[in-house]
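Add 39 to a position in the sequence shown, counting from 1, and you land on the number used in the working numbering. A virtual CB, placed ideally from N, CA and C, is assigned to each residue, including glycine. Just so we're clear, the structure is a prediction, and the values are computed from it rather than from any experiment.
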Amino acid sequence: MADWIKQIIEGNKRVAMPIMTHPGIEYVGKRVVDAVTDGNVHFSAIEAIVNKFDMAACTVIMDLTVEAEAFGSKIEFAENELPHVLERLIRNEEEVKQLRVPDLKAGRLPEYLKANQLAVRTFTDRPVFAGCIGPFSLAGRLYDMSEIMVAIYIEPDTITALLEKCTAFLLRYCEELKRTGVTGVIMAEPAAGLLSDEDCQTYSTKYVRQVVEALQDDTFTIILHNCGNTGQCTQAMVDSGAAALHFGNAIDMRQALQACPTDVLVMGNIDPVGILKQSTPEVVYQKTLELLEQTASAKNYVLSTGCDVPMVPEANIQAFYQALDHFNSSF
40 MADWIKQIIE GNKRVAMPIM THPGIEYVGK RVVDAVTDGN VHFSAIEAIV
90 NKFDMAACTV IMDLTVEAEA FGSKIEFAEN ELPHVLERLI RNEEEVKQLR
140 VPDLKAGRLP EYLKANQLAV RTFTDRPVFA GCIGPFSLAG RLYDMSEIMV
190 AIYIEPDTIT ALLEKCTAFL LRYCEELKRT GVTGVIMAEP AAGLLSDEDC
240 QTYSTKYVRQ VVEALQDDTF TIILHNCGNT GQCTQAMVDS GAAALHFGNA
290 IDMRQALQAC PTDVLVMGNI DPVGILKQST PEVVYQKTLE LLEQTASAKN
340 YVLSTGCDVP MVPEANIQAF YQALDHFNSS F
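#1: So S235 is in the alpha helix (DSSP H); what residue range does that whole segment cover?
#2: Cα-Cα, which of E133, S83 and A145 is closest to A20?
#3: In the structure shown, what three-state DSSP assignment does L342 receive?
#4: Could you tell me the boundaries of the alpha helix (DSSP H) in which N131 lies?
#5: Compute the beta-carbon to beta-carbon distance between A231 and G173, rounded to the nearest angstrom, for a pair I have assumed lies under 8 Å.
#6: Would you call K204 buried or exposed, if buried means 16 or more other Cβ atoms sit within 10 Å of its Cβ?
#7: Identify the continuous alpha helix (DSSP H) that holds G63 and give its terminal residues.
#8: C266 and A282 look like a contact to me (Cβ under 8 Å); what is the Cβ gap, rounded to whole Å?
#9: If I measure Cβ to Cβ from F208 and keep anything under 6 Å in the same chain, skipping five residues before and after, which residues do I get?
#10: I need the DSSP call for G313, collapsed to helix, strand or coil.
#11: If you draw a straight line from the C-alpha of K52 to the C-alpha of D364, how long is it?
#12: Contact check, I88 vs M94 under 8 Å by CB: the rounded distance?
#13: As an exercise, report each continuous alpha helix (DSSP H) stretch of at least 4 residues that is fully enclosed by the region 189 to 243, in chain order.
#14: What residue range is occupied by the uninterrupted beta strand (DSSP E) comprising T260?
#15: Rounded to the nearest angstrom, what separates G223 and I58 at their Cα positions?
#16: Can you say whether A362 is buried or exposed, counting buried as having 16 or more other CB atoms within 10 angstroms of its CB?
#17: Apart from the five residues on each side of it in sequence, which residues of its chain come closer than 6 Å, Cβ to Cβ, to G146?
#18: Hey, R127 and D183 are a contact pair by Cβ (cut 8 Å); roughly how many whole angstroms apart?
#19: In this structure, what does DSSP give as the bridge partners for A283?
#20: Assuming contact is defined by CB atoms lying nearer than 7 Å, are M276 and L296 in contact in what I supplied?
#21: Work out the CA separation of I198 and C239 for me, nearest whole Å.
#22: Please state whether the Cβ-Cβ distance between D102 and V75 is less than 7 Å.
#23: The alpha helix (DSSP H) that contains A87, what's its start and end?
#24: Residue range of the alpha helix (DSSP H) that F359 falls in?
#25: What does the alpha-carbon distance come out to for the pair R130 and Y246?
#26: Which residue from E215, I191, D256 and L284 puts its Cα closest to that of E228?
#27: Count the other CB atoms, across all protein chains shown, that sit within 10 Å of the CB of L125; report buried if there are 16 or more and exposed otherwise.
#28: For L202, I'd like the list of residues in its chain whose CB is within less than 6 Å of its CB, leaving aside the five on either flank, ordered along the chain.
#29: Fully enclosed by the region 103 to 158, which alpha helix (DSSP H) runs are 4 residues long or longer?
#30: Run through the DSSP bridge pairs and tell me what D256 is partnered with.
#31: Classify R180: buried if its beta carbon has 16 or more other beta carbons within 10 angstroms, exposed otherwise.
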């Protein structure tokens, strides 16, 4: 992974790594509920995407309910939408104390591990990035996001105790993902984008950094994703120590690049819904090329989407890559 990052930074061509699995579900004739509950279907969707498009790396579905379910949260499944948490699991300090850190056989964790194992065995010519939720986002799903935003000020010790358990679990999960042979993990921490930089440092970065320091090395990269960040907590993302940072469409990529070290990969941020799903191929092409031109001077920039891509027209994905090809042809 250290060599992969170095090649990108020193290379003359821009590469693309959209976070994109959902279109592959459609290509293999399955439903979202099939992919998020069956590792074989999940992998087949990944395979369909990698075989069809020029992916610099392959990624998995960004499902932010898997870890909450493992802790015991009730999850609702729809046919063609991502699952969502139905209700809060934890309500007070005593329930935090009683909360058990789950093992890796809980819920759908084995199916996600299976999908990653299959991807590692199949795609030996490019990095394979697993996925997991970030510690503050997981705590928010267990405690309820509205409640945790209040509790960090009136019950900080309770939330700190919850974050410690969330982090202990995520460290265990990411260790197992690393053992499967994946070359890294995209840690999705969107809820941290609701925080100021100071609070993000306290309730997110501190815990993300524990995972980074324990697992990131020359063979394994942490990509920290925060699509909620509008610029106010970019420094907190940098301070996590993650080797790559992934930004959502709420931020200006030029400002993000200015705020990040040049030896850290900076990824983003074509709007997956407003542009890739709802716009025409002409608009997708124009917006993608415009972003590439705006970031042309940044050697550490990787073209990506602002978040996980839903099911979108194939012509729009083709337009995304046509803009990349056009941009690269100028070198």
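If we stick to the structure as given:
#1: For the purposes of this step, residue 235 is identified with residue 196 of the sequence shown, where counting begins at 1. Per DSSP, S235 belongs to no alpha helix (DSSP H) and is neither H nor E.
#2: Since the first residue shown for the chain is 40 and the last is 370, residue 20 is missing from the structure and cannot be characterised.
#3: Taking the sequence shown and counting its residues from 1, the one referred to as residue 342 is at position 303. Three-state result, L342: strand.
#4: By one-based count along the sequence shown, residue 131 stands at place 92. First-last for N131: undefined, no H or E at that position.
#5: The residue labelled residue 231 in the question sits at position 192 within the sequence shown. The residue labelled residue 173 in the question sits at position 134 within the sequence shown. Contact holds; Cβ gap of about 6 Å.
#6: In the sequence shown, the residue the question calls residue 204 occupies position 165. Result: buried.
#7: To locate residue 63, count along the sequence shown from 1; it is residue 24. Looking at the DSSP string, the run of the alpha helix (DSSP H) that includes G63 is H61 to Y66.
#8: For the purposes of this step, residue 266 is taken as residue 227 along the sequence shown, with counting starting at 1. For the purposes of this step, residue 282 is taken as residue 243 along the sequence shown, with counting starting at 1. About 19 Å separates the two Cβ atoms, so there is no contact after all.
#9: To locate residue 208, count along the sequence shown from 1; it is residue 169. Closer than 6 Å at Cβ, skipping near neighbours: V140.
#10: Position 274 of the sequence shown holds residue 313. Of the three classes helix, strand and coil, the one that applies to G313 here is coil, per DSSP.
#11: Stepping through the sequence shown from its first residue, residue 52 is reached at position 13. Stepping through the sequence shown from its first residue, residue 364 is reached at position 325. Near 9 Å, if we compare the C-alpha coordinates of D364 and K52.
#12: As a working note, residue 88 is residue 49 in the sequence shown. As a working note, residue 94 is residue 55 in the sequence shown. Correct: roughly 7 Å between the Cβ atoms.
#13: 195 to 219 and 236 to 239
#14: For the purposes of this step, residue 260 is taken as residue 221 along the sequence shown, with counting starting at 1. Here the beta strand (DSSP E) through T260 covers T260 to N265.
#15: The sequence position of residue 223 within the sequence shown is 184, counting from 1. The sequence position of residue 58 within the sequence shown is 19, counting from 1. Their Cα atoms are separated by approximately 14 Å.
#16: To locate residue 362, count along the sequence shown from 1; it is residue 323. With 16 or more Cβ atoms within 10 Å of its Cβ, A362 is classed as buried.
#17: In the sequence shown, counting from the first residue as 1, residue 146 sits at position 107. Once the five neighbours on either side are set aside, the close Cβ partners of G146 are E108 and A109.
#18: One-based indexing of the sequence shown puts residue 127 at position 88. One-based indexing of the sequence shown puts residue 183 at position 144. With 8 Å as the limit, R127 and D183 qualify as a contact, their Cβ atoms being about 4 Å apart.
#19: Stepping through the sequence shown from its first residue, residue 283 is reached at position 244. A283 is bridged to I262 and L304.
#20: The count along the sequence shown starts at 1 and reaches residue 276 at position 237. The count along the sequence shown starts at 1 and reaches residue 296 at position 257. Against a cut-off of 7 Å, the Cβ pair of L296 and M276 comes out as no contact.
#21: Here residue 239 refers to the residue found at position 200 of the sequence shown. Here residue 198 refers to the residue found at position 159 of the sequence shown. When rounded, the distance between both Cα atoms is 13 Å.
#22: As a first step, residue 102 must be located in the sequence shown, where it is residue number 63. As a first step, residue 75 must be located in the sequence shown, where it is residue number 36. Going by C-beta atoms, D102 is nearer than 7 Å to V75.
#23: As a first step, residue 87 is located in the sequence shown; it is residue number 48 there, counting from the start. It spans G78 to K91 - the alpha helix (DSSP H) in which A87 sits, taken as one unbroken run.
#24: Locating residue 359 in the sequence shown gives position 320, counting from the first residue. First-last of the alpha helix (DSSP H) with F359: E353 to N367.
#25: Here residue 130 corresponds to residue number 91 of the sequence shown, with the count starting at 1. Here residue 246 corresponds to residue number 207 of the sequence shown, with the count starting at 1. So the alpha carbons of these two residues sit roughly 21 Å apart.
#26: Position 189 of the sequence shown holds residue 228. Out of E215, I191, D256 and L284, L284 has the C-alpha closest to the C-alpha of E228.
#27: Within the sequence shown, the letter at position 86 stands for residue 125. L125 is exposed by the Cβ-count criterion.
#28: Reading the sequence shown from its first residue, position 163 is the one you call residue 202. These residues qualify, in order along the chain: P174, A178 and Y246.
#29: 105 to 110 and 132 to 137
#30: Along the sequence shown, one-based indexing puts residue 256 at 217. DSSP lists F259 as partners of D256.
#31: Counting from 1 along the sequence shown, the entry for residue 180 is found at position 141. By the 10 Å Cβ count, R180 comes out buried.
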